[in-house]
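Following: one structure in structure tokens, then a few remarks.
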Amino acid sequence: MQVDSKAIDKFLVELLTEVGTRLREDSIKKMSVATKKNRNDLVTNFDKKTEQFINGEIKQAYPDATIVSEEGYGDLVKDMSGLVFFVDPIDGTMNFVKRGDNFASMIAAYIDGEPLNGAIIDVMDNEIYHGGKEIGLFINDRKIDNPKNLPLVEGLVDVSAPMALANKFAVQDVIKKSSGFRVYGSAGIIFGHLLTGKEVMYMSYLAPWDLAAGRVMCEAAGMSVVSIDDAPINMLESQVVIVGTQKVVSEALKTLKTR
């Protein structure tokens with residue numbers, strides 16, 4: 021299947037620009053909040069409305085594509101053949117509800133299982149990280165260079181709070197070797213930090229829509245994206261993922277205890 025990466029990039033940027041505008045306006049309107057799996061797993065009326073809008077625009081522009089999305093308005097995707105989009109309408113819903121900042125919207129495109137394009141908008145800062153291996157990486161209209169391949173001792177790391185507090189996989193040993201530990205509550209925000217060299221590693225349990233856009237861009241930037249046991253990433257399953265510079269991921273895999 022032939023696809024135009026530049027055309028998809030332009031489409032994603034225009035779509036997320038509109039999404040950002042809508043969410044900044046929505047953030048001052050009445051919000052309806054519900055829970056999903058537990059009291060800290062929130063969903064709002066804006067998550068659902070945003071996903072419906074994004075998925076509708078994708079289906080209009082790419083009617084043969086399938087969509088994997090968080091809130092249930094996508095397709096039942098059983099394999100990665102053809103053009104597959106991943107949609108996370110509001111990444112960091114707790115931040116959206118409680119803080120009104122540090123949340124993102126993310127879209128990615130994969131072709132026959134291979135990462136093609138990714139785009140993430142930091143909604144309140146109105147910055148869109150976008151691109152892929154074929155076209156390079158950008159923040160809005162500005163092309164960015166790949167981050168330095170720093171070792172663990174020279175960088176900050178982000179690990180999901182539950183994983184760090186429970187010391188899953190002995191992850192505290194990795195944290196102790198780093199320059200420091202941060203938690204932001206949004207994969208999209210963290211991927212922006214990784215792409216600009218502000219942090220050197222992110223480790224968390226991620227659903228496909230949490231990972232898809234960041235994976236595209238981090239791999240395009242020369243970073244490593246691996247599962248906890250260094251097995252190939254399965255884009256249709258949730259899994260523990262490590263993303264970071266090649267040096268850091270190599271160090272982390274040697275330090276973490278998976279058995």
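Residue numbers (my numbering): 21 to 279. Idealized CB from N, CA, C, for every residue including glycine. All figures in this text were calculated on a predicted structure; none of them were measured in a lab.
Have a look at the options and flag the residue whose alpha-carbon is nearest the alpha-carbon of residue i.
{"i": "Pro228", "options": "Met255, Val203 and Asp24", "result": "Met255"}
{"i": "Glu91", "options": "Leu43, Ser101 and Thr55", "result": "Thr55"}
{"i": "Val173", "options": "Ile148, Val194, Phe189 and Asn166", "result": "Val194"}
{"i": "Lys118", "options": "Glu239, Met223, Ser206 and Val23", "result": "Ser206"}
{"i": "Ile155", "options": "Leu185, Met100, Ile148 and Gly138", "result": "Gly138"}
{"i": "Glu134", "options": "Val23, Val268 and Glu271", "result": "Val23"}
{"i": "Glu257", "options": "Phe201, Phe116, Ser270 and Met100", "result": "Met100"}
{"i": "Val220", "options": "Val269, Gly208 and Ser247", "result": "Val269"}
Straight-line CA distance for residue i to residue j?
{"i": "Leu136", "j": "Thr37", "result": "20 Å"}
{"i": "Ile74", "j": "Ala241", "result": "26 Å"}
{"i": "Pro83", "j": "Leu273", "result": "41 Å"}
{"i": "Tyr93", "j": "Ile87", "result": "9 Å"}
{"i": "Ile262", "j": "Pro252", "result": "12 Å"}
{"i": "Cys238", "j": "Ile78", "result": "23 Å"}
{"i": "Ser89", "j": "Val33", "result": "18 Å"}
{"i": "Glu45", "j": "Phe31", "result": "22 Å"}
{"i": "Lys196", "j": "Asn146", "result": "34 Å"}
{"i": "Val143", "j": "Lys267", "result": "31 Å"}
{"i": "Ile164", "j": "Asn58", "result": "39 Å"}
So is residue i buried or exposed if we call it buried at 16+ other beta carbons inside 10 Å?
{"i": "Pro18", "result": "Only positions 21 to 279 of the chain appear in this structure, which leaves residue 18 out of reach."}
{"i": "Ser180", "result": "buried"}
{"i": "Pro109", "result": "buried"}
{"i": "Leu157", "result": "buried"}
{"i": "Leu43", "result": "buried"}
{"i": "Asn122", "result": "buried"}
{"i": "Ala186", "result": "exposed"}
{"i": "Asp249", "result": "exposed"}
{"i": "Asp29", "result": "buried"}
{"i": "Val161", "result": "Before going on, a small fix: residue 161 reads as Asp here, not Val. It is exposed - the Cβ of Asp161 has fewer than 16 other Cβ atoms within 10 Å."}
{"i": "Ser199", "result": "exposed"}
{"i": "Lys98", "result": "exposed"}
Please state if the CB of residue j and the CB of residue i are separated by a distance shorter than 8 Å.
{"i": "Thr265", "j": "Leu170", "result": "yes"}
{"i": "Ser282", "j": "Gly152", "result": "One cannot answer for residue 282 here, as it falls past the ends of the chain, which runs 21 to 279."}
{"i": "Phe105", "j": "Ala85", "result": "yes"}
{"i": "Lys277", "j": "Ala184", "result": "no"}
{"i": "Ile131", "j": "Leu103", "result": "yes"}
{"i": "Tyr149", "j": "Gly212", "result": "yes"}
{"i": "Ile141", "j": "Val39", "result": "yes"}
Measuring only from the beta carbon, is residue i closer than 7 Å to any heavy atom that is part of the ligand ADP?
{"i": "Ile74", "result": "With respect to small molecules bound, the structure shown includes none, and the ligand ADP cannot be examined in it."}
Report yes or no: is there a C-beta of chain B within less than 8 Å of the C-beta of residue i?
{"i": "Ala27", "result": "The chain inventory of the structure shown lacks chain B, comprising one protein chain alone."}
Can you give, in chain order, each stretch of the beta strand (DSSP E) that sits fully within the stretch 252-278 and has at least 3 residues?
259-264
(Q) I'd like the ranges of any beta strand (DSSP E) spanning at least 3 consecutive residues and lying wholly in the stretch 136-171. (A) 147-152 and 156-159
Review point. For the stretch 186-231, which segments carrying the beta strand (DSSP E) assignment without a break, of at least 3 residues, lie completely within its bounds, in sequence order?
Key: 200-202 and 221-226
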